[in-house]
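To keep things clear, I will list the structure first and then write my remarks on it.
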Amino acid sequence: MKTINRKLRNTSIIVLTVFIIGFILISCEDFLDIAPKGTLNEYVIANKTGVRALVIGIYGALDGRSIGSAYRVSPDNWVYGSCAGGDAHKGSSAYDQSQIFRIATGQATPSLSYIRDRWRVFYEGISRANAVLKILPDVDDMTEAEKSQAAAEARFLRGHFYFELKRSFNMVPWIDENTIDYKVPNDRDIWPDIETDFEFAMNNLPEVQTELGRVNKWAAACYLAKTYVYQKKWSEAKALYDQIIPNGVTSEGVSYDLFPHIRYNSEASREAGSPEAVFVIQQVGDEGIGDFPNSNAGQCLNFPYNSPFLCCGFFQPTQELVNSFKVDASGLPLFDTYNDVMVNNDMNVGSDEPFSLYTGDLDPRLDWSVGRRGVPYLDWGPHPGETWVRDQASGGPYSPKKNVYYHARQDEDVVLTWSPGTANNVNIIRFADVLLMAAEAEVEVGSLDQAFTYVNRVRSRAADPTTWVSNNDNYAYAAAVVSSEAEMLALTGLTARDWVVREDNQTTFVYLGGAIDDINSWQEYAIPSYNIAEYPSFPDQDYARKAIHFERKLELAMEGHRFFDLVRWGEANNKLNAFFTYEANIVPTIGVGVFTVGKHEHLPIPQSQIDVSTVDGVPTLQQNPGY
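In my numbering, the protein residues as written are 89 to 715.
Shown next, in the form of structure tokens:
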């Protein structure tokens with residue numbers, strides 16, 4: 089199935105010249121009126137083959153690579169959702185990709201190239217979708233049903249691009265296949281237009297697709313429901329979720345459900361047949377060409393530094409996020425007190441120095457979301473800590489984990505050049521996200537009991553001990569597996585940071601350097617104490633809201649949702665300003681961060697776009713408040 093997707097992507101490259109009209113807000117009217125050299129006449133592609141190629145071209149725009157460096161516009165929103173939302177620090181060193189820090193701390197300006205590229209990449213995708221919709225009436229060799237499906241795919245993807253623009257910039261110009269004058273003002277709300285696109289897609293897409301990666305009617309229903317949630321149209325959202333949750337299927341025809349293990353959502357080898365895949369962007373690993381044109385390049389910076397992954401030390405989870413996974417004795421979250429006692433970390437502790445892990449109870453999802461010293465880092469052994477962090481002073485002591493691949497799968501799932509390009513798909517919407525949004529709708533206009541059921545369905549997966557990080561994860565590449573201390577101390581030929589699994593006490597020992605036969609040269613790591621339980625009840629609406637909001641923070645950590653959730657809940661001001669104050673205890677530079685109500689809910693409109701929108705000396709695009 090991955091081969092099919094690669095073929096689709098390669099076809100999109102062939103027809104890319106059709107999209108010279110892209111970046112529509114950068115093009116002048118004269119340019120749009122004259123066909124550039126090398127482009128195809130519309131009559132050449134006004135047929136079934138041409139439409140197929142054009143539709144594939146829209147999918148090709150999803151990963152953002154059409155404008156250059158994919159990490160700047162990564163569709164998983166690691167910059168704009170997770171870094172800006174307090175899940176993660178920029179990471180790396182202070183001056184490397186410094187625009188990310190500015191975006192994450194309320195210091196963005198209209199001139200930032202990151203923000204310009206975010207605008208451009210979405211309008212590039214919109215341009216491609218509009219090209220399909222514009223040409224369909226002239227196609228004679230397609231049935232009306234085939235035309236409707238092609239239009240539905242184009243409108244779904246256009247809806248996605250506009251959804252991202254809307255929640256990022258708020259007031260943006262609506263440009264569709266009927267637009268003639270591209271200097272459109274951003275003076276009206278486009279939520280109704282986005283709804284209409286998803287409604288059309290829902291009503292005209294099939295339930296099952298024959299090619300992996302294509303969207304189906306249930307994905308459109310989920311996206312429409314998400315659009316309602318963002319507008320607080322709770323009744324409309326609930327009505328859709330009531331249909332989606334019991335009846336929805338993936339594009340492969342698999343009934344919507346949770347994977348048995350949260351980690352499976354991040355494993356390329358398990359993506360085919362995933363019950364949790366609602367809307368995903370397909371990726372491939374090593375294609376034998378020495379580069380990663382079709383892999384997950386948006387995450388290429390986000391691997392531990394000075395490690396087998398080569399590059400680059402970005403996207404480091406925050407201490408505040410780690411603390412959020414603390415639980416009480418019953419296994420429930422500490423909504424308001426999780427920062428009272430810090431989960432201890434290895435800040436300023438060298439990898440060759442002793443370090444003891446936090447011994448309190450933790451939600452087991454922490455160690456599938458965050459790389460912490462001493463905890464198995466998938467099958468790469470215990471995370472070594474400081475040596476894998478480029479600059480603790482800039483990014484703290486932790487590493488990302490959800491995007492990382494297994495050592496055992498590196499030949500199949502990754503192309504390793506200057507940094508890894510992985511085959512991990514990008515989850516734009518997964519079923520756990522759907523359940524938790526449905527729970528929000530139930531709290532507002534439905535049943536607290538139903539909301540309780542949806543949340544506990546997510547928590548029950550995490551509560552299965554067979555899915556927890558365990559000492560077994562350290563076996564595969566251990567220097568040795570032994571049954572006693574004496575056997576361990578008799579080993580020879582070890583190098584610092586080699587690890588040995590002890591079967592007698594089910595712990596792992598890391599060799600720190602020095603005399604191998606001296607127990608003081610070793611650091612022992614037991615698996616952390618995990619504890620999680622389902623909620624016994626939702627006693628009232630306020631408690632239910634708090635529980636759902638916190639569950640999204642835990643379940644979807646490091647997946648690009650946090651900032652947008654905080655804004656739509658009206659919690660960004662209090663939560664983010666408290667975050668900046670607290671996290672400055674770990675990374676002092678984050679203390680400059682500020683969230684200002686009425687300004688920082690949205691990004692500034694790129695100044696370059698305002699400049700080219702001028703008519704008779706007056707710009708048609710208006711800047712967002714505060715910028």
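Yeah, the Cβ is synthetic: ideal placement off N, Cα and C, and Gly gets one too.
- Burial is judged here by how many other beta carbons sit within 10 angstroms of a residue's own beta carbon; E500 has fewer than 16 and is exposed.
- Distance from the CA atom of A496 to the CA atom of P405, rounded to whole angstroms, is 25 Å.
- As computed with DSSP, P470 is found in a beta bridge with P464.
- In this chain, V569 is not harboured by any alpha helix (DSSP H); it is covered by the beta strand (DSSP E) spanning A568 to V570.
- By the neighbour-count criterion, in which 16 or more other beta carbons inside 10 Å mark a residue as buried, S439 falls on the buried side.
- Contact annotation: A240 and L224 have beta-carbon atoms that are not nearer than 7 Å.
- In the DSSP secondary-structure assignment, A176 is bridged to P405.
- A contact is defined here as three or more CB-CB pairs under 8 Å, and the region 227-234 fails this definition with respect to the region 268-284.
- Taking C-alpha positions only, I144 is separated from E530 by approximately 37 Å.
- The C-beta distance from G386 to S162 rounds to 3 Å, short enough to meet the 8 Å contact threshold.
- Judged by beta-carbon spacing, L409 lies beyond the 7 Å limit of P616, meaning their Cβ atoms are not closer than that value.
- With distances taken between CA atoms, L577 lies nearest to V598 out of V598, N559 and L150.
- Less than 7 Å separates the beta-carbon of I155 from that of D205.
- With contact defined as three or more Cβ pairs closer than 8 Å, the region 441-449 and the region 503-523 are not in contact.
- Here N665 has F683 as same chain residues with Cβ atoms under 6 Å from its own Cβ, once five neighbours each way along the sequence are excluded.
- For I517, the pairing in a beta bridge is given by DSSP as F367.
- A Cβ-Cβ contact shorter than 7 Å links T338 with A365.
- If the five residues before and after R633 are omitted, its C-beta is found closer than 7 Å to the C-beta atoms of V531, all from its own chain and listed in chain order.
- By the criterion of a C-beta distance shorter than 7 Å, F423 is surrounded in its chain by K634 and F638, once the five residues flanking it on both sides are discounted.
- Between G152 and F651 the beta-carbon gap is near 18 Å, outside 8 Å, which marks them as no contact.
- Within the same chain, I678 and G679 come within 8 Å of A672 by CB-CB distance, once the 5 residues on both sides are set aside.
- If you check the CB distance, G459 and H471 come in under 7 Å.
- With contacts defined as CB atoms closer than 7 Å, F391 and S180 fail to qualify as a contacting pair.
- Under DSSP, Y599 takes part in a beta bridge, and its partners are W610.
- Inter-residue distance for S558 and Y494 is about 15 Å (C-alpha atoms, whole angstroms).
- By alpha-carbon distance to D630, the top candidate from F540, P363, E283 and F288 is F540.
- Bounds of the alpha helix (DSSP H) holding W306 are K305 to Y318.
- Bounds of the alpha helix (DSSP H) holding L536 are L536 to A550.
- Contact annotation: the region 237-256 touches the region 205-221, with at least three C-beta pairs closer than 8 Å.
- Counting only runs of at least 4 residues, the region 642-686 fully encloses the following alpha helix (DSSP H) elements, listed from N- to C-terminal order: 650-657 and 660-671.
- The closest CA to that of F189, considering only R160, E612 and R585, is found on R160.
- Cβ-Cβ distances below 8 Å link V303 to E241, F244, L245, A289, L293, Q297, S339 and F367 in the same chain, with the five nearest sequence neighbours on each side left out; the list follows chain order.
- When the alpha-carbon of S482 is set against those of Q407, R140 and W279, the nearest one is in Q407.
- Annotation: A660 to S357 spans about 37 Å, alpha carbon to alpha carbon.
- Across the structure, Y316 and W322 are spaced so that their CA atoms are roughly 7 Å apart.
- Exposure of E299 is indicated by the presence of fewer than 16 other C-beta atoms within 10 angstroms of its C-beta.
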